[in-house]
Structures are given as C-alpha cells and as structure tokens.
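Protein chains in written order, with our numbering: chain A, 1 to 670; chain B, 671 to 744.
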C-alpha cells in the first residue's frame with residue numbers, strides 16, 4: 001500500500017492523559033521518532049500491532065486553539081494531513097475538561113473514536129461513566145480503557161478495525177452557537193470549495209482566534225474580510241467571541257457529563273493524596289527531594305549498578321578478551337589484526353559497555369520519577385529557587401533528564417513556554433553530569449576513593465548543579481529581556497508505574513548508549529588505536545612515539561596547571577569530545593589494559609587523588625559532547641548559541657579545575 | 671480576599687481572575703478552572719513559592735504573583 005492510502009490513526013488528547021502509555025500499548029516496539037516540520041517538537045510514529053497501519057502521536061493539547069508554537073502543530077496537522085481515524089484519548093477522571101478538545105475534534109467531522117482512559121481512577125473517586133449514554137450524546141463510539149494495564153484495549157482495537165473498514169460512520173455533530181450562527185455561515189460562504197476540512201470547523205476556529213487556522217485562511221483569501229466579520233460578531237454578541245464559544249461548549253459538556261457520570265460512592269481518598277502532605281510540605285519537600293536523589297545515586301552506583309557492572313566485567317569482558325587471545329594464537333591470525341581487536345576494539349568498546357548497568361539503572365529511576373507523577377511536583381518545589389536565578393520550575397525537568405543524557409534533556413526544554421527561560425535552560429543543561437561522564441567518575445572514584453564512591457560522584461553532580469544555578473543567574477542578568485515568566489503546572493495524581501511501560505521507556509532512553517558503543521565508540525576506538533599504533537617512523541612503535549602521543553604532548557602543557565599535564569590525559573580529553581565515555585576508551589587503549597580492574601591499578605600510579613578529582617571536574621564541564629552541541633544548535637536555531645555553549649564550558653572547566661587543584665595543594669592535599 | 675491569603679487546607683470560591691497574566695488565565699480556563707468555581711488550597715511553598723489548588727481531584731500549581739491577583743471569597 002502506498003503511504004497515502006495507508007491506514008493512519010492519529011492519537012490526540014490533553015497532556016497527562018496516558019497518551020504515551022496508550023501509544024506504547026497500541027504499537028510494536030519500533031517507533032519512528034522525528035520532528036514535526038518547521039518546529040522542534042518530537043513526532044512519534046508507530047506501527048499498529050494488530051493490523052496494517054500506523055499510529056501518529058500528536059502533541060498533547062488542552063484545546064485546538066494554540067497558546068504556543070508547539071500547540072499549533074495539532075491544528076496544522078488536522079488541516080493539512082490525510083488520516084483515516086482520529087483516536088481521542090480522554091482522562092475519565094477529568095471528563096469535563098477533556099471533552100473540550102473532544103468537542104472541537106467532533107466539529108471537524110472526521111471519523112472519531114473516543115477512548116476513555118483511567119476509568120479505574122474514576123472508580124476510586126467513587127464515580128462511573130455510562131459509556132452508552134456518552135456515546136449517544138456525542139454520536140461516536142466510546143471505549144473505556146486503562147492504558148496502563150491494557151484493560152479494554154482488545155475492544156479498542158476491534159473498534160479501530162471496524163472504522164478501518166468503513167469510513168463516514170459519524171453522524172454530523174453540530175452545536176448551536178446561537179448568536180454566532182449567522183457569522184459562521186458568512187465565513188463559510190467566503191471559503192473556497194475544495195478546502196480539505198469542514199468549512200464550519202474552519203469558521204469556528206477562526207472566530208475563536210485559532211492562530212494556526214488564521215494563518216491557513218490567510219493563505220487562501222484576504223483575511224481582512226474575515227477579520228471584519230469577527231469584529232462584527234463581537235459587537236453583536238457584546239462580549240469576547242472566544243469566551244462566548246467557550247461558554248456554549250461548556251454548557252453542552254456539563255449537560256453531557258451530568259447525564260453520563262454517575263456517583264456511586266463517596267470514593268476513598270487514596271493514600272496517594274496523603275503523600276503530598278510530606279512530599280509537598282512547605283519545609284520538608286526540598287530535603288525530601290534531595291534524599292530521593294541521593295538514594296537514586298546510592299542505588300545506581302553502590303547498591304545495584306556498581307556491583308552488576310563489576311560482575312559484567314569479570315564474567316564477560318575479561319573471559320572474552322582472554323578467550324579471543326587464545327583463539328588468535330591458535331589460528332595464527334596476523335598480529336596487526338590481533339592487536340587491533342585486543343588492544344583497540346575490546347578495551348575501547350568493552351570499557352564503555354561495562355557501564356551499561358549504571359546507565360540503565362539511572363535511566364530507570366528517571367523514568368520512575370516521570371511516570372509516578374513526582375516530576376511535576378519537583379517543578380513546583382523548585383520553582384521559587386529557579387525563578388530566583390532566572391529559570392522556571394519546569395527547568396528542573398531537563399536538568400534531571402540531563403543526568404541521563406544531555407541530548408533529550410536539551411529537547412525537553414521545549415515545555416518551557418518563555419523563550420528566554422528556555423534558552424537559559426538549554427545553555428545550562430549540559431552542566432548536568434550525564435551518564436556518559438559516569439564511566440570516567442566510576443573509574444577514578446573507584447580507583448582513588450573506594451570507600452566513598454557515591455559521595456565523591458555525588459559531589460560532582462552537586463558541583464554541576466551549583467555551576468548551573470550560578471551561570472543561569474549570570475545569563476539571565478546579561479541576556480536579552482523578554483516576555484514575563486509564566487508558570488502553570490498540573491500535578492497529575494500519583495500512579496504506580498506499569499512495569500511494561502517502565503521497562504520500555506528505560507530501554508528507549510538507554511539504547512542510544514548501547515548504539516553509540518556499537519558505532520561511534522567502535523569507530524573512535526579503531527581510529528585512536530591506529531593513532532597510538534602509528535607514528536612518523538612507521539607502524540607498531542612504542543606508544544611514546546605515536547601520533548597520539550605527539551598530539552597529546554601539544555596540549556599537555558596547557559593542562560599542567562590543572563594537575564594532569566601528561567600526554568595520556570590530554571589525548572583522552574581530546575577524544576572525549578566525540579562522546580565523553582570515549583575518554584575511558586582512550587585510556588584503556590593508551591594504558592593497554594584488558595579490563596577495568598587493571599586500568600584502575602594503572603591510573604593510581606599515574607594520578608594523585610587530587611589530580612584525579614581535578615581531572616573529573618574538568619571532564620564534567622569541558623565542552624558538551626558532539627551530539628549535545630548539535631542538538632543545542634537545532635533547538636536554539638542558531639550556531640551562535642552553540643559556539644557560546646562550547647566556549648563558556650571550556651573556560652568554566654579550566655577555571656574550576658585550576659581552583660580545585662591549586663586550591664587543594666595550598667590546603668595541603670595532593 | 672485574594673487566593674494567596676486562603677489558608678492551606680481551606681476552600682474558597684474564585685470570583686475574579688481578570689487581573690492575572692492573560693496567558694495564565696487562558697491556560698487556567700483550558701484546564702477547567704473558571705470563575706465561580708470552588709477550589710481548595712492544598713499546599714503553599716515557602717518564601718512566596720507556588721501555591722497548589724485543587725478542584726475535583728485535579729491539582730494545579732500557580733505562582734504567588736498570580737495567586738495574589740485572583741479575587742476569592744472564603
């Protein structure tokens with residue numbers, strides 16, 4: 001089937017309605033993630049599991065009338081794109097609010113299917129929805145589901161199939177807009193035939209001030225004529241047109257809800273609501289947040305990730321390396337190839353892969369925070385502090401995701417409405433120590449600070465956060481002033497995340513790391529090994545005479561005041577621009593070690609603890625990795641900000657390492 | 671009285687929020703907070719931090735500066 005005829009389902013709904021869960025449940029594991037044209041908002045497309053066809057996930061919106069550029073996408077898509085079925089997911093426990101979008105979608109007069117999610121939450125609140133009544137009132141099929149657990153999904157899929165076979169099942173939906181009806185007709189008459197969507201819908205959306213629709217109509221005809229009709233309409237009804245439309249829709253929705261929602265009991269106030277007495281307590285909330293974060297680090301490094309990582313090293317990589325060595329000896333493979341694999345690829349790639357447990361563990365906890373509903377609360381808890389430094393409570397979300405990976409973190413800044421706050425968030429997010437920097441810390445902290453690993457690593461994270469706050473303040477003082485800052489955050493009810501969703505999102509986030517190891521780091525390891533194997537005098541030299549050593553020595557002088565002026569460190573740091581974990585790969589290759597244990601032994605001979613700490617501070621701050629740099633350019637839409645972020649981070653890294661090393665020496669450390 | 675002065679745990683009815691930032695007003699309308707609605711103040715963050723209000727099992731946080739401009743009746 002060609003792309004055009006393909007059965008295309010579009011998923012629309014308010015934010016926080018379980019759209020992602022439903023998307024995951026309806027599609028197979030492969031989802032194509034791209035960007036919507038013209039804007040940097042993630043567009044997710046997946047294959048439907050039980051049938052031919054695709055599912056497109058629209059950004060979550062409360063109304064089709066957009067408040068931000070990101071929300072414009074929805075209207076734009078509905079006008080310009082072909083699709084077979086609209087699947088509208090609504091939160092059953094917030095029926096009235098969710099139906100506002102539904103009414104606007106109904107007016108579009110396209111095939112529409114309603115999935116009522118979280119019927120379990122509703123029941124806990126002591127209410128039930130009569131789907132039959134709802135169905136009759138709206139004139140479209142309604143399916144109750146619990147997307148988290150998969151309840152009702154078979155029925156939903158069946159309904160989607162029926163729709164797939166026969167279109168135009170919907171009876172036309174029409175609300176009486178009373179005093180506005182004449183103006184709706186007048187606008188409709190002006191619209192040329194052949195517009196791809198309902199003329200009535202276009203007229204209504206225009207009247208209520210939908211900017212995306214207005215732009216579209218302006219491309220078709222002289223928009224001044226329509227604007228005159230709208231001004232006239234405002235005079236006739238004697239109030240704001242948008243408000244008038246909103247009220248008529250609300251009246252309709254309230255009557256539908258009162259007919260279809262039945263109170264069955266008083267409901268049990270769940271223990272979850274009481275959690276907020278502590279979690280959102282005026283004075284306990286912030287300490288609680290820090291304790292949670294500390295536990296996550298403890299679990300990731302000391303209790304789960306660390307031991308698993310050691311196990312992986314001793315039971316997989318060491319035997320693999322030894323086994324291959326034996327194999328190569330017995331079959332007599334060329335020494336060059338043998339060295340390439342045993343001294344280049346295995347230490348390079350393996351040295352990074354060994355940290356998979358820590359990285360997945362960290363991503364797991366970030367997903368847990370997101371899915372449980374705690375993330376939105378963190379934004380509220382941190383808003384006052386972040387507002388003081390010129391950021392927004394919502395900036396904490398990219399910052400926490402940044403602990404996993406800076407690339408999605410920079411993208412997550414999109415949810416911040418104010419452009420200036422968003423820019424500053426993007427600029428300071430790379431200071432959040434990402435998981436790729438972890439291998440470096442784990443290596444050094446494991447070698448030098450065995451008994452205080454988590455504490456040392458935690459101190460680096462704290463240093464990153466502090467630097468981010470101070471720089472945010474500096475940037476907000478010096479960068480351009482813009483619109484006033486706004487903050488409205490919805491706190492979703494606490495939920496126990498569903499295992500399948502949790503595992504899937506963790507994998508989605510972490511797989512990039514494994515992928516990088518197989519491509520980028522693989523290639524990087526080969527190149528680095530070649531540079532260490534070759535030199536001006538030929539191949540197979542002593543590493544001291546290699547190209548790598550030559551390049552490293554050029555930069556080593558610069559690093560001397562920071563305590564690590566060796567060519568080995570300089571070479572490792574340079575290659576770390578590719579991806580920070582390459583620093584470890586390079587060290588593995590340079591020091592020619594087979595596993596992490598022996599590398600730890602070697603670096604304790606080459607660094608003092610103070611030098612090691614200074615080195616870690618430097619790797620924390622110097623230059624975001626190449627992928628982050630690219631995404632900063634994308635998200636800010638300018639190379640200028642990209643260069644700015646590179647430059648300021650190098651200066652910051654150098655200054656702080658210098659202070660740590662020279663200051664530490666003055667205090668008598670070594 | 672303004673919303674910010676309602677004590678934690680107490681209810682109030684929203685009378686007028688025409689004085690707040692128009693963006694915030696629109697978003698509140700989208701979320702379903704309208705004039706005439708009764709809301710409960712659930713939490714207040716210290717040092718003039720955000721205030722969390724609840725209506726019909728739905729919690730929304732807004733800033734002090736906005737909560738200070740919303741007229742309510744206790």
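Even for Gly, the Cβ is constructed at its ideal location relative to N, Cα and C.
Would you tell me roughly how many angstroms separate the C-alpha atoms of residue i and residue j, rounded to the nearest one?
| i | j | result |
| --- | --- | --- |
| residue 310 (chain A) | residue 417 (chain A) | 43 Å |
| residue 142 (chain A) | residue 453 (chain A) | 54 Å |
| residue 551 (chain A) | residue 568 (chain A) | 10 Å |
| residue 46 (chain A) | residue 735 (chain B) | 42 Å |
| residue 147 (chain A) | residue 90 (chain A) | 11 Å |
| residue 229 (chain A) | residue 191 (chain A) | 13 Å |
| residue 492 (chain A) | residue 213 (chain A) | 31 Å |
| residue 689 (chain B) | residue 239 (chain A) | 17 Å |
| residue 672 (chain B) | residue 741 (chain B) | 5 Å |
| residue 123 (chain A) | residue 687 (chain B) | 32 Å |
| residue 535 (chain A) | residue 514 (chain A) | 31 Å |
| residue 629 (chain A) | residue 455 (chain A) | 29 Å |
| residue 527 (chain A) | residue 589 (chain A) | 11 Å |
| residue 222 (chain A) | residue 384 (chain A) | 47 Å |
| residue 659 (chain A) | residue 615 (chain A) | 12 Å |
| residue 367 (chain A) | residue 531 (chain A) | 40 Å |
| residue 652 (chain A) | residue 622 (chain A) | 7 Å |
| residue 151 (chain A) | residue 83 (chain A) | 26 Å |
| residue 448 (chain A) | residue 463 (chain A) | 19 Å |
| residue 202 (chain A) | residue 236 (chain A) | 20 Å |
| residue 4 (chain A) | residue 284 (chain A) | The predicted position of residue 4 (chain A) is uncertain, since its pLDDT is 47 and thus under 50; no value can be drawn from it. |
| residue 703 (chain A) | residue 641 (chain A) | With chain A represented from 1 up to 670, any question about residue 703 (chain A) goes unanswered, as that position is not in the structure. |
| residue 663 (chain A) | residue 602 (chain A) | 26 Å |
| residue 391 (chain A) | residue 647 (chain A) | 21 Å |
Starting from residue i, trace the alpha helix (DSSP H) both ways and give me its first and last residue.
| i | result |
| --- | --- |
| residue 329 (chain A) | 318 to 331 |
| residue 71 (chain A) | 69 to 80 |
| residue 474 (chain A) | 453 to 478 |
| residue 135 (chain A) | 131 to 138 |
| residue 404 (chain A) | 396 to 404 |
| residue 16 (chain A) | Per DSSP, residue 16 (chain A) belongs to no alpha helix (DSSP H) and is neither H nor E. |
| residue 442 (chain A) | 438 to 448 |
| residue 506 (chain A) | 499 to 518 |
| residue 388 (chain A) | 374 to 388 |
| residue 713 (chain B) | It is not in any alpha helix (DSSP H) - residue 713 (chain B) instead sits in the beta strand (DSSP E) that spans 708 to 714. |
| residue 672 (chain A) | With chain A covering 1 to 670 only, the question about residue 672 (chain A) has no answer from this structure. |
| residue 184 (chain A) | 181 to 190 |
| residue 292 (chain A) | 285 to 297 |
| residue 421 (chain A) | 419 to 428 |
| residue 694 (chain B) | 692 to 701 |
Going by the DSSP bridge assignment, what does residue i pair with across the sheet?
| i | result |
| --- | --- |
| residue 115 (chain A) | A:89, A:143 |
| residue 57 (chain A) | A:11, A:44 |
| residue 27 (chain A) | A:48 |
| residue 127 (chain A) | A:263 |
| residue 635 (chain A) | Per DSSP, none; premise fails for residue 635 (chain A). |
| residue 743 (chain B) | B:683 |
| residue 151 (chain A) | A:146 |
What first and last residue would you give for the beta strand (DSSP E) that runs through residue i?
| i | result |
| --- | --- |
| residue 662 (chain A) | Per DSSP, residue 662 (chain A) belongs to no beta strand (DSSP E); it is in the alpha helix (DSSP H), 639 to 666. |
| residue 681 (chain B) | 681 to 686 |
| residue 13 (chain A) | 8 to 13 |
| residue 334 (chain A) | Where residue 334 (chain A) is concerned, there is no enclosing beta strand (DSSP E), given that its DSSP letter is neither H nor E. |
| residue 730 (chain B) | 728 to 732 |
| residue 489 (chain A) | 488 to 491 |
Checklist entry - Curious, which full-length beta strand (DSSP E) runs of at least 3 residues does the stretch 525 to 612 of chain A contain? => result none
Next on the checklist: Give me the subset of the stretch 490 to 503 of chain A whose CB atoms are less than 9 Å from a CB atom of chain B, sorted by chain position.
Outcome noted: 490, 491, 492, 493
Next on the checklist: Suppose only complete runs of 4+ residues qualify. What are the alpha helix (DSSP H) ranges in the stretch 341 to 372 of chain A, listed by chain order?
Outcome noted: 356 to 372
Next on the checklist: Suppose only complete runs of 4+ residues qualify. What are the alpha helix (DSSP H) ranges in the stretch 213 to 260 of chain A, listed by chain order?
Outcome noted: 223 to 237, 241 to 260
Item to check | Residues, ordered as in the chain, of the stretch 373 to 384 of chain A that lie near chain B by beta-carbon distance below 7 Å | outcome: 380, 381, 383, 384
Checklist entry - Got a sec: which bits of the stretch 385 to 397 of chain A sit with their beta carbon under 8 Å from any beta carbon on chain B, in order along the chain? => result 387, 393
Next on the checklist: Short of 9 Å Cβ to Cβ, which residues in the stretch 688 to 699 of chain B face chain A?
Outcome noted: 691, 693, 694, 696, 697, 698, 699
Item to check | Members of the stretch 271 to 301 of chain A that neighbour chain B once the beta carbon cut-off is set at 8 Å | outcome: 276, 280, 281, 282, 283, 285
Checklist entry - In chain order, what residues of the stretch 118 to 129 of chain A put their CB closer than 7 Å to some CB of chain B? => result 125
Next on the checklist: For the stretch 50 to 76 of chain A, list every residue whose C-beta sits within 7 Å of some C-beta in chain B, in sequence order.
Outcome noted: 62, 63, 67
Next on the checklist: Along the stretch 703 to 730 of chain B, where does the CB come closer than 8 Å to a CB of chain A? Name the residues.
Outcome noted: 704, 712, 713, 714, 715, 716, 717, 718, 719, 720, 722, 726, 727, 728, 729, 730
Next on the checklist: Residues of the stretch 88 to 100 of chain A in Cβ contact with chain B at a cutoff of 7 Å, in chain order, please.
Outcome noted: 93, 94, 96, 97
Item to check | Cβ-based contacts, 8 Å cut-off: residues of the stretch 232 to 250 of chain A near chain B | outcome: 246, 250
Checklist entry - Along the stretch 474 to 489 of chain A, what residues have a CB closer than 7 Å to any CB found in chain B? => result 484, 486, 487, 488, 489
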